[in-house]
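K.L.:
Numbering of the sequence shown is given in our numbering, commencing with residue 5 and proceeding in unit increments.
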Amino acid sequence: MAAKLMVGNWKMNGSLAANASLLSEVLAGMGGKTCRAAVCVPAPYLAQAQALLAGSALALGAQDVSAHEAGAYTGEVSADMLRDFAVRYCIVGHSERRQYHGESDVTVASKAQRALAAGITPIVCVGESLAERDAGQTEAVVKRQLAAVIHTNGHCISEIVVAYEPVWAIGTGLTATPEQAQHVHAVLRAQLQAATAHADRVSILYGGSMNAANAADLLAQPDVDGGLIGGAALKASEFLTMLKAASR
Ligand code: PEP
Numbered sequence: 005m006a007a008k009l010m011v012g013n014w015k016m017n018g019s020l021a022a023n024a025s026l027l028s029e030v031l032a033g034m035g036g037k038t039c040r041a042a043v044c045v046p047a048p049y050l051a052q053a054q055a056l057l058a059g060s061a062l063a064l065g066a067q068d069v070s071a072h073e074a075g076a077y078t079g080e081v082s083a084d085m086l087r088d089f090a091v092r093y094c095i096v097g098h099s100e101r102r103q104y105h106g107e108s109d110v111t112v113a114s115k116a117q118r119a120l121a122a123g124i125t126p127i128v129c130v131g132e133s134l135a136e137r138d139a140g141q142t143e144a145v146v147k148r149q150l151a152a153v154i155h156t157n158g159h160c161i162s163e164i165v166v167a168y169e170p171v172w173a174i175g176t177g178l179t180a181t182p183e184q185a186q187h188v189h190a191v192l193r194a195q196l197q198a199a200t201a202h203a204d205r206v207s208i209l210y211g212g213s214m215n216a217a218n219a220a221d222l223l224a225q226p227d228v229d230g231g232l233i234g235g236a237a238l239k240a241s242e243f244l245t246m247l248k249a250a251s252r
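1. For Glu163 and Ala41, what's the separation of their Cα atoms in angstroms?
2. Given this structure, state the Cα-to-Cα distance separating Ser213 from Ala236, to the nearest angstrom.
3. Taking the beta carbon of Leu120 as the centre, do at least 16 other beta carbons fall within 10 Å, making it buried, or is it exposed?
4. Taking 7 angstroms as the cut-off, is the C-beta of Asn13 nearer than that to any heavy atom in ligand 1?
5. Taking Cβ positions, are Glu132 and Thr125 nearer each other than 8 angstroms?
6. Using a threshold of 7 angstroms, is the CB atom of Ser28 nearer than that to any non-hydrogen atom of ligand 1?
7. Report yes if the C-beta distance between Lys8 and Asp229 is below 8 angstroms; otherwise report no.
8. With DSSP as the reference, please indicate the residues paired to Met10 in a beta bridge.
9. Consider the C-beta atom of Ala220 and the heavy atoms of ligand 1; say whether any pair is separated by less than 7 angstroms.
10. His189 to Pro170, Cα distance in whole Å?
11. Buried or exposed: Gly177, going by 16 or more other Cβ atoms within 10 Å of its Cβ?
12. Report yes if the C-beta of Val174 is less than 7 angstroms from at least one heavy atom of ligand 1; otherwise report no.
13. CB Leu222 to CB Val206, shorter than 8 angstroms?
14. Give me the residue from Ala113, Val166, Trp172 with the minimum Cα distance to His155.
15. Compare the C-alpha of Val130 against each of Gly79, Leu192, Pro226 and name the closest.
16. What residues in its chain sit with their C-beta under 6 angstroms from that of Ala63, if we drop five residues either side in the sequence?
17. What is the C-beta distance between Asn232 and Val11, in whole angstroms, given that I count them as a contact (C-beta under 8 angstroms)?
18. How many angstroms separate the CA atom of Ser299 from the CA atom of Gly75?
19. Return the CA-CA distance between Ser82 and Ser19, expressed in angstroms with no decimal places.
20. Who are the Cβ neighbours of Gln117 in its own chain at under 7 angstroms, not counting the five residues just before and after it?
21. Looking at the unbroken alpha helix (DSSP H) that takes in Pro182, where does it start and where does it end?
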């Protein structure tokens, strides 16, 4: 298995000044870290981040991509446009997109397909709501969400990254226990193994209130290959502590 992958999701936060100071602090503290790392920035800041990250070990990511190739889709950003800014990763199917923008499993699968076609690694988010967990539907929900992506992208499914993000843990301060995370990650790994002989190449990240205090325990689980980090990625010292935990 490759080195752990730690990805910051800035969501709709930042400014030219704040980004410059956050990235310079993170880059200054990254020496010697051996995990893979990336930040997914808001689309208007891709050019700024591309320039600041050039030649560094911190990869550039986007938070969303259009399911369409090009044309009359006002406000959308295509995979080819992301590639123009040397974007390496793109989050697709984040629960906030599924919830607030009505993105279906099919749309998420199309977005992953567009990213892959442009040479960008989609970070496919799956996760259950609290009601679904309480109803014992966690496995069925995450398997349904991943199955749509496998169905559309089966031939290159080993090139995706998966992020298990229980919706009830995102931005709430509630975190899945390491055992809860491992259980779902193992389910996802088995699903990938049934789809490809190269399932071990797929990094399965955990996301949901991961922070400097809980990262090491989550990352110690055998099928937790890294983290997708929201709030804690906006604080350089905290993000750096998590990169250190992932580099052990
Ligand atoms: C996320 O945005 O993907 C996320 C996991 O957020 P947080 O770490 O703030 O829960």
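In this text, a Cβ means the ideal position worked out from N, Cα and C, and glycines have one as well. The structure displayed is predicted, hence computed values, not measured ones.
P.N.:
In brief:
1. The residue labelled residue 163 in the question sits at position 159 within the sequence shown. The residue labelled residue 41 in the question sits at position 37 within the sequence shown. When rounded, the distance between both Cα atoms is 17 angstroms.
2. Position 209 of the sequence shown, counting from 1, holds the residue named residue 213. Position 232 of the sequence shown, counting from 1, holds the residue named residue 236. Approximately 8 angstroms between the Cα atoms of the pair.
3. Here residue 120 refers to the residue found at position 116 of the sequence shown. Burial call: buried.
4. In the sequence shown, residue 13 corresponds to position 9, counting from 1. Asn13: yes, Cβ under 7 angstroms from ligand 1.
5. Locating residue 132 in the sequence shown gives position 128, counting from the first residue. Locating residue 125 in the sequence shown gives position 121, counting from the first residue. Cβ atoms of Glu132 and Thr125: not closer than 8 angstroms.
6. For the purposes of this step, residue 28 is taken as the residue at position 24 of the sequence shown. Checking the Cβ of Ser28 against ligand 1 gives no.
7. Taking the sequence shown and counting its residues from 1, one reaches residue 8 at position 4. Taking the sequence shown and counting its residues from 1, one reaches residue 229 at position 225. Yes, these two residues count as a Cβ contact at 8 angstroms.
8. Taking the sequence shown and counting its residues from 1, one reaches residue 10 at position 6. Beta-bridge pairing links Met10 to Ala41, Gly231.
9. Looking up residue 220 in the sequence shown gives position 216. The answer is no for Ala220.
10. The residue labelled residue 189 in the question sits at position 185 within the sequence shown. The residue labelled residue 170 in the question sits at position 166 within the sequence shown. Roughly 11 angstroms separates the two Cα atoms.
11. Against the sequence shown, residue 177 aligns to sequence position 173. Under this definition Gly177 is an exposed residue.
12. Taking the sequence shown and counting its residues from 1, the one referred to as residue 174 is at position 170. Strictly speaking, residue 174 in this sequence is Ile, with Val absent from that position. Yes, Cβ of Ile174 sits closer than 7 angstroms to a heavy atom of ligand 1.
13. Counted from its first residue, the sequence shown places residue 222 at position 218. Counted from its first residue, the sequence shown places residue 206 at position 202. For Leu222 and Val206, no; Cβs fall outside 8 angstroms.
14. Residue mapping note: residue 155 aligns to position 151 of the sequence shown, counting from 1. Among Ala113, Val166, Trp172, the Cα nearest to that of His155 is on Ala113.
15. Here residue 130 refers to the residue found at position 126 of the sequence shown. Measuring from the Cα of Val130, the nearest candidate turns out to be Leu192.
16. Locating residue 63 in the sequence shown gives position 59, where the first residue counts as 1. Taken in chain order, the residues that qualify are Ala42, Arg92.
17. For this step, residue 232 is matched to residue 228 along the sequence shown. For this step, residue 11 is matched to residue 7 along the sequence shown. For the record, residue 232 in the displayed sequence is Leu; it is not Asn. Between Val11 and Leu232 the Cβ distance is about 5 angstroms, and since that is below 8 angstroms, they are a contact.
18. Because the chain spans 5 through 252 in this model, residue 299 falls outside it and cannot be assessed.
19. Within the sequence shown, the letter at position 78 stands for residue 82. Within the sequence shown, the letter at position 15 stands for residue 19. Cα-Cα distance, rounded: 23 angstroms.
20. Within the sequence shown, the letter at position 113 stands for residue 117. Thr156, Asn157.
21. Here the question's residue 182 lines up with position 178 in the sequence shown. From DSSP, the alpha helix (DSSP H) with Pro182 extends over 182 to 199.
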